[in-house]
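In my numbering, each residue carries its 1-based index in the sequence shown increased by 843.
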Amino acid sequence: MKKTLKVKLAPTKEQAKSLLETIETFNDACNWISRKSFEAGTPHQMKLHHLVYFEPRERFPALTSQMIVRAIAKVSGSYRTEKKSLHSFKKQSAMEYDKRLLSFKSLSHASLATIHGRITVPLIFGHYAPLDRNKMLGQSDLTTSVGVLPESRDRCSGRNTL
């Protein structure tokens, strides 16, 4: 069973700026990849990866290799149901983080990859059931709340032990 948990990040102003710049650069890369995918008629993730991987690495040098891989996956996923029109992504659309881009240092801090390097950010949990550190993260979407503060929606993996 998968569970989704909304977690608020408490970054400093510099960290928040870095996260927002990362999200915006990531979505710029998604838009570029989307144009290439649409022009080539290649929505399949592996084919798209082989077609475009190296060029966005040169065009968006601030993005890590894994961020480019996640951008390709995001674009590919968007074309699964609708292939006839060009897809575009808003400047602050959600950015998907996986285990290589986000790790938990404890239940109170997370380490996130940004275009300026890794940062450690405090986490704010609501009143949720106790968390099992071994089942913490399968994937996380970094979003902005009214364009101000990044948030994380973590999809925990593992079985429900209730």
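The C-beta atom is built at its ideal place from N, Cα and C for all residues, glycine as well.
None of the values given here were measured: they were computed from a predicted structure.
Identify which residue in Val964, Thr986, Asn870 and Pro965 has its Cα closest to the Cα of Val912. Asn870
For Lys890 and Pro904, I'd like the C-alpha separation in whole angstroms. 22 Å
Quick check on Leu950: buried or exposed, where buried means 16 or more other Cβ atoms within 10 Å of its Cβ? Exposure of Leu950 is indicated by the presence of fewer than 16 other C-beta atoms within 10 angstroms of its C-beta.
Nearest by alpha-carbon distance to Thr855: which of Arg900, Ile962 and His930 is it? Distance check between Thr855 and each of Arg900, Ile962 and His930 places Ile962 closest, using alpha-carbon atoms only.
According to the neighbour-count rule (16 or more other Cβ atoms, all chains shown, within 10 Å of its Cβ), is Gln858 buried or exposed? buried
Using alpha carbons as the reference points, say which of Ala916, Ala953 and Ser983 lies closest to Asn874. Ala916
Contacts around Gln909, its chain only, beta-carbon distance under 8 Å, and the 5 residues preceding and following it disregarded: Asp941, Arg943, Leu944 and Ala956
Put Pro957 into one of helix, strand or coil per three-state DSSP. According to the sequence as given, residue 957 is Thr; it is not Pro. If DSSP states are grouped into helix, strand and coil, Thr957 belongs with the strands.
Tell me, which residues are paired with Ser946 by DSSP? Per DSSP, Ser954.
Grab the span of the beta strand (DSSP E) containing Thr847 for me, first residue to last. Lys846 to Leu852
When you compare the CB positions of Thr987 and Leu906, do they come within less than 8 Å of one another, or not? no
For Ile866 versus Met938, is the C-beta distance shorter than 8 Å? yes
Return the residue from the list Phe947, His892 and Gly920 that minimises the CA-CA distance to Val850. Phe947
Among the residues of its own chain, which have a CB less than 8 Å from the CB of Ala914, if the five just before and after it don't count? Phe869, Ala872, Cys873, Ile876, Pro899 and Leu906
Buried versus exposed, by CB contacts within 10 Å (16 or more), Leu929: exposed
For Ser1000, does the three-state DSSP call read helix, strand or coil? Low confidence applies to Ser1000: its pLDDT is 47, below 50, so where it sits in the model is not reliable, and the reading given next is rough at best. For Ser1000, the three-state secondary structure derived from DSSP is coil.
From Ser931 to Val918, what does the alpha carbon distance come to, in whole angstroms? Between the alpha carbons of Ser931 and Val918 lies a distance of about 9 Å.
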